[in-house]
Amino acid sequence: MIDILEPNIEFSAGDFTTLAKEKIKEVQNKKKNVIICGGTWFYIKSLLDEKALPECPINQQLREELEKYDKQTLWEKLEKLDFKRAQLIHPNNKDKVIRSIEMCKFLGSPISEYQRKDNEKIDSIWYMPKMDRETLYNRINLRVDEMIKIGLYEEWQKNKKLYPNSKIMKNTIGYSEFYDLEEGVYSNKKEAIDKIKQYTRNFAKRQLTYFNNAKNIKSVENIDDILKDLKNA
Numbered sequence: 003m004i005d006i007l008e009p010n011i012e013f014s015a016g017d018f019t020t021l022a023k024e025k026i027k028e029v030q031n032k033k034k035n036v037i038i039c040g041g042t043w044f045y046i047k048s049l050l051d052e053k054a055l056p057e058c059p060i061n062q063q064l065r066e067e068l069e070k071y072d073k074q075t076l077w078e079k080l081e082k083l084d085f086k087r088a089q090l091i092h093p094n095n096k097d098k099v100i101r102s103i104e105m106c107k108f109l110g111s112p113i114s115e116y117q118r119k120d121n122e123k124i125d126s127i128w129y130m131p132k133m134d135r136e137t138l139y140n141r142i143n144l145r146v147d148e149m150i151k152i153g154l155y156e157e158w159q160k161n162k163k164l165y166p167n168s169k170i171m172k173n174t175i176g177y178s179e180f181y182d183l184e185e186g187v188y189s190n191k192k193e194a195i196d197k198i199k200q201y202t203r204n205f206a207k208r209q210l211t212y213f214n215n216a217k218n219i220k221s222v223e224n225i226d227d228i229l230k231d232l233k234n235a
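Taking the working numbering, the leading residue of the sequence shown gets 3, the next gets one more, and so forth.
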């Protein structure tokens, strides 16, 4: 499922779940096990969760009203409606924040407390790398530097011309900061790059908080720990 959509096409966690399950069955039909690696945590959780995502229609009027607010204000609105859900979404991801607010209002309750239907069960074992926060943050900073070195800014310039009205690009960490730079929010490219690092670290912090509180995720030092655990399983 790499390179299956144009960057301006909306792709929800529900869409991902539907297509990913088809691919999983293709692999299992070959008598193989599946490794799911990522990435976008909410999508993986939606795929493997025991409960299905609630089906909520699009409320265009509400979306247009919410679009008027800035990212942080929107995120704070979601936090008041559903604190747990808000912790899973970065404030920069405006589309997902709006969708979550939309769902909360449709359901009349926090999404995290909604009694969802049973999902098609996928027998799985979950792992996360054991890493102290300082090491993780240093790796994030180095990774952003490498992305800039090999052409992230030039990639953004190219895609901005190809997809001039893409809200998805404008809400993506690593692209949105360059839009802000273009609009004068930052005085130079270095400030924008520093913000990419900061927002990525913030996002990682939110993920770590969730991972550390999830009882079904095992923390491992290296691949040998995984192999040993799988052998015992």
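Cβ atoms here follow ideal geometry from the backbone N, Cα and C, with glycine treated the same way.
Cβ neighbours of residue i in the same chain (closer than 6 Å, five flanking residues each side left out)
i	result
PHE213	MET130, ILE219
THR19	SER48, LEU49
LYS197	GLU179
HIS92	PHE205
GLU81	ALA88
MET105	CYS58, ILE113
Contact check, residue i vs residue j, beta carbons under 8 Å
i	j	result
ALA54	ARG118	yes
LEU183	LYS172	no
ILE100	LEU83	no
ILE46	ILE38	yes
CYS58	PHE13	no
LYS32	GLU122	no
SER114	LYS79	no
ASP97	LYS27	no
ALA235	ILE127	yes
TYR139	ARG203	yes
LEU90	PHE44	yes
SER221	LYS132	yes
Close beta carbons around residue i, own chain, < 7 Å, minus the five adjacent residues each side
i	result
VAL25	This sequence places Lys at residue 25; Val is not what is there. So the qualifying residues of the chain are MET3.
GLY199	For the sequence presented, residue 199 should be read as Lys rather than Gly. ILE142, ASN143, VAL146, listed in sequence order.
ASN94	LYS73, ASN173, ILE175, SER178, TYR201
LEU68	LEU76, ILE100, ILE103
TRP158	TYR177, PHE180
GLY40	ILE46
GLN209	TRP43
ILE228	TYR129, VAL222
DSSP three-state assignment for residue i, whether helix, strand or coil
i	result
MET171	helix
ILE219	strand
TYR139	helix
MET130	strand
ASP120	strand
ASN224	coil
PHE13	coil
SER111	coil
LYS8	Correcting the residue type first, residue 8 is Glu in the shown sequence and not Lys. Three-state DSSP puts GLU8 in coil, outside helix and strand.
LYS82	helix
ASP231	helix
ASP97	helix
LEU90	coil
LYS27	helix
MET105	helix
LYS73	helix
Contacts around residue i, its chain only, beta-carbon distance under 8 Å, and the 5 residues preceding and following it disregarded
i	result
ILE150	ILE195
TYR188	GLU179, ASP182, ALA194, LYS197
ASP226	none
Integer Cβ distance of residue i from residue j, believed to fall under 8 Å
i	j	result
PRO56	TYR165	The Cβ separation is near 30 Å, so there is no contact.
C-beta neighbour in chain B for residue i, strict 8 Å
i	result
GLU78	Given the protein chain composition of this structure (a single chain), no chain B is represented.
(request) Quick one: which unbroken beta strand (DSSP E) runs of 3-plus residues sit fully inside the region 146 to 212? Chain order, please. (result) none
(request) List in chain order: all unbroken alpha helix (DSSP H) runs of 4+ residues lying wholly within the region 29 to 68. (result) 43 to 50, 62 to 68
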